[in-house]
């Protein structure tokens, strides 16, 4: 094979291959990506059932109840709240008034079935999505969901 | 050295040289691909920096301070509640003994206290009360009242993002402005003092 | 006093580095031996200065000098000595200083071991290395001074983040940085070669040991980090595709590709401009990782506190280093002459395939890591890209890679005989196929991918053995001859086999632990018995135990199998008050056959406790596999040819691969 052709073959195969891989990766990204919604967005626009997404906000005061390993609570962004149920061990520092992010799906009853709940407790940290959603809702009220 | 570089063992014929030239053209294109890709990524990284939540908002600006009633630190007479916020202007300063930046702004608070410029209320955020007392004894206590926010609940109501933060509250108990991070001499001179002077008019 | 001295040393170091960046470069251009001679001396002085500064910081930590902000924030007088020491790099400023220390260490090492390099090349390499040094020293001096003072000095420190008080995490960053920064040497060599306009086998020979050393450290660093996540985060997971993990994984993928493509340059004088590009990319990805971790643009469980000015500085530096080197590449690479020819089916061909797959994998990780940033910038949509994406793209990319791993080393250079190789592998293929059938019978309904995974393990594991057997002619049944050949094989050849075997072991660990994991999450009360895998776990109870600076919930499980006592497991969950922080201390019974993993959570107030129980078969082989990869790299590094250093350019310019005898060819072509 002539050097030019060899180089061409390698480069073209490489580019085709990488192109295909990138195409596939983008496809997978679209399939597997988890968007973030605030309780207000879920309340107003809804969200397809059984499609995974993340939701975040503050845990409402007095909303936490547990039955065996299953815990149910509501998160709020001040304007709306969303009921979440979780059947695993919650983070130790999970408590009312805390900012959390949950990942999971909405069931047909409108309850968010969480597969993962994160609560971060670094003082200089609030999950940015939560902070952002609170800002957008513009409804951050004292005393969480008492209103 | 580059001029003396001869390809290893292969002699260039005229034809190959011509082919080489053509090759060079799309070779150049190919070689420029990485830098092009990097430029795109770089632009996004730069955008990402400005998207950073480091520019911290407060949803509480122009809203009444949340209702709260916090106990005093041990050995101190007064706790802090929202009903104490009655002066035409006052500062609510969120601090903790474990916070280094609080040390940085502390002399400025002490000076404000000495000059009697403005009442300062302290929100002792997620701190051990004894550690807080020690801290105040070591460095001086600039606060008129201090509330001990052990679990940080009131901090959450205030939208506290990190420590220190300072809220400027007016006579109606409305939060006028928030300073994130330590109060520096520049912030003091350019922002804080003019604002206080205006509000005290 | 020590902090001030340390800071002066850093200021001196940046001056020396500036001189080292400029003078030798000009000297190399003007062929001025005296000017070029500045480089090695300056590199050594720079190293000593930074070492001194690092020592000063360490003294401050060991003596608990809380007048230093950094010590106050990250240390505590009652901390064990090892964590006082690891506290030095358990924070942004100190870890940056460690980074620079390692950078200058590599610079000094190039000065020391590179004495047989052509003087212009050495001068240029050290000059590029010093440019990177100037950037980082400026970064630390202007934005992240580790020696800032507090006045008045506090009496007690804040303590190290409890998550970081862990032996694996104490030594994890140094390894990782050795890897990251080691890649700077390959980068400097690549840039120097572009400036010189010359890349040849001798160049590849100089670059390889440095890349190999960096790669070994990076492998160790990533493996340690993953093991830490496994036992400390309490989820039983060992890889979370977190941005910070990805930040270390991308350079690893690029370095692995570089390691293999530089073989082609060394042996066959081909793939030169690609290899140079990889060398640039590998280090660029290290820098990108630094940017991601320290600028806070991406959110991560491990992220250091973010600071926008730091982000801007690193980004500017990133643009200078990566943009500059890639521009240089765009200008100079087209003039690099293509070298030796080869057919697509050949050793080179499989190495090209390896490179394609690894760099594509690297790109998909980059895409997944940065995609949330893109979407946020373009559409203000906050998204996260989780493990499902990475798993979806990684399996199809890694499968052909692992499959080719058994074939590649058996193919001849230049023009391979695929049919012949497959013929020799038919026994291995048959066994792999039988494995697939057996696994399909056993586990198809659990996880179909297990069939593929375990078949690949058998294919690669036996393939590695088959290749070795061929080299020593094991199947001619002349033990004496085989023994002689086995001893005569170069260490690099054994290094390769062991590293490839490590890949097989790792695939084994991943597949088995994912497929046959047994997991339970439930509330247990004292006296409750739960069966997991074939173990019975009796929950004795849990109690609040005060620790020195935390309060813990400690649970006790008695573990039996078929009624026979096995062990007692005592997981803890610790809560640290100031600043608030929780850590999970999983109790793990680790054996080669599998890990029994227990975690305790909060009580439900009624005497019950939430617990997580896992049985993870063969999971330990994930890390033993990575260990094997690292050991393989080290054995290869100890090969005589690397130790002696590169021969002169003339000799290296004639890669002799004319020999048709496969055994002799294998012996001659070993080193990969």
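Residue numbers (my numbering), protein chains in the order written: chain A, 1 to 147; chain B, 148 to 348; chain C, 349 to 1020. We put the beta carbon where it would ideally sit given N, CA and C, even for glycine.
Enumerate in chain order the residues of its own chain whose CB-to-CB distance from residue i is below 8 Å, with the five nearest sequence positions on each side excluded.
i             : result
residue 985/C : 557, 560, 561, 564, 843
residue 208/B : 322, 323, 324, 325
residue 94/A  : 59, 100, 117, 119
residue 691/C : 697, 762, 763, 764
residue 66/A  : 72
residue 532/C : 451, 454, 477, 480, 631, 634
Please tell me whether residue i has its Cβ less than 8 Å away from any Cβ of chain A.
i             : result
residue 732/C : yes
residue 463/C : no
residue 517/C : no
residue 747/C : no
residue 460/C : no
residue 930/C : yes
I need the straight-line Cα distance from residue i to residue j, nearest angstrom please.
i             : j             : result
residue 235/B : residue 346/B : 7 Å
residue 961/C : residue 36/A  : 30 Å
residue 754/C : residue 618/C : 23 Å
residue 402/C : residue 446/C : 7 Å
residue 545/C : residue 771/C : 43 Å
residue 244/B : residue 337/B : 27 Å
residue 859/C : residue 968/C : 12 Å
residue 830/C : residue 749/C : 30 Å
residue 654/C : residue 391/C : Residue placement at residue 654/C is flagged as unreliable, the pLDDT there being 45, under the threshold of 50; the coordinate-derived value follows with that caveat. Answer to the nearest angstrom: the Cα atoms are 32 Å apart.
residue 298/B : residue 315/B : 23 Å
residue 488/C : residue 253/B : 26 Å
residue 329/B : residue 359/C : 28 Å
residue 786/C : residue 778/C : 12 Å
residue 293/B : residue 661/C : 39 Å
residue 629/C : residue 602/C : 7 Å
residue 345/C : residue 342/B : Past the boundaries of the shown model lies residue 345/C; chain C is included only from 349 to 1020, so the question cannot be answered.
residue 706/C : residue 249/B : 48 Å
residue 195/B : residue 780/C : 47 Å
residue 890/C : residue 876/C : 12 Å
Check the Cβ-Cβ distances between residue i and every residue of chain B, and say whether any is below 8 Å.
i             : result
residue 704/C : no
residue 495/C : no
residue 659/C : yes
So that I know if they touch, is there some Cβ in chain C lying closer than 8 Å to that of residue i?
i             : result
residue 182/B : yes
residue 343/B : no
residue 179/B : yes
residue 91/A  : yes
residue 131/A : Low local confidence applies: a pLDDT of 40 at residue 131/A is under 50, so the model's placement there is unreliable, with the coordinate-based value given in what follows. Judged by the 8 Å Cβ criterion, residue 131/A is not in contact with chain C.
residue 32/A  : yes
residue 250/B : yes
residue 261/B : no
residue 15/A  : no
residue 66/A  : yes
Residues in its own chain within less than 6 Å of residue i by CB, not counting five upstream and five downstream?
i             : result
residue 116/A : 103
residue 815/C : 757, 758
residue 784/C : 799, 803
residue 983/C : 839, 842, 843
residue 357/C : 397, 400, 401
Within 8 Å (strictly less), CB to CB, does residue i reach chain D?
i           : result
residue 8/A : In the structure shown, chain D does not exist; the protein chains are A, B and C.
Throw me the rounded Cβ distance for the residue i and residue j pair, which I believe falls under 8 Å.
i             : j            : result
residue 70/A  : residue 55/A : So it is not a contact: roughly 18 Å between Cβ atoms.
residue 112/A : residue 82/A : 6 Å
Less than 7 Å between C-beta atoms, sequence neighbours within five positions excluded: which residues of the same chain meet that for residue i?
i              : result
residue 579/C  : 934, 936
residue 476/C  : 536, 539, 540
residue 1025/C : The structure shown does not extend to residue 1025/C, since chain C spans only 349 to 1020, so no value can be given for it.
residue 280/B  : 220, 221, 222
residue 457/C  : none
Just checking, does the stretch 65-77 of chain A make contact with the stretch 9-23 of chain A on the three C-beta pairs under 8 Å criterion?
-> Touching, no, given that fewer than three Cβ pairs across the two stretches are closer than 8 Å.
Quick check: the stretch 274-287 of chain B against the stretch 381-388 of chain C, are there 3 or more CB pairs under 8 Å?
-> With the cut-off at 8 Å, the stretch 274-287 of chain B and the stretch 381-388 of chain C do not touch.
Would you check if the stretch 661-678 of chain C and the stretch 594-601 of chain C touch, i.e. whether three or more CB-CB distances between them fall below 8 Å?
-> Remark: fewer than three beta-carbon pairs, one from each stretch, lie closer than 8 Å, so the stretch 594-601 of chain C and the stretch 661-678 of chain C are not flagged as touching.
Any 3 or more C-beta pairs closer than 8 Å across the stretch 519-527 of chain C and the stretch 565-575 of chain C = Contact holds between the stretch 519-527 of chain C and the stretch 565-575 of chain C, because three or more Cβ pairs, one in each stretch, are under 8 Å apart.
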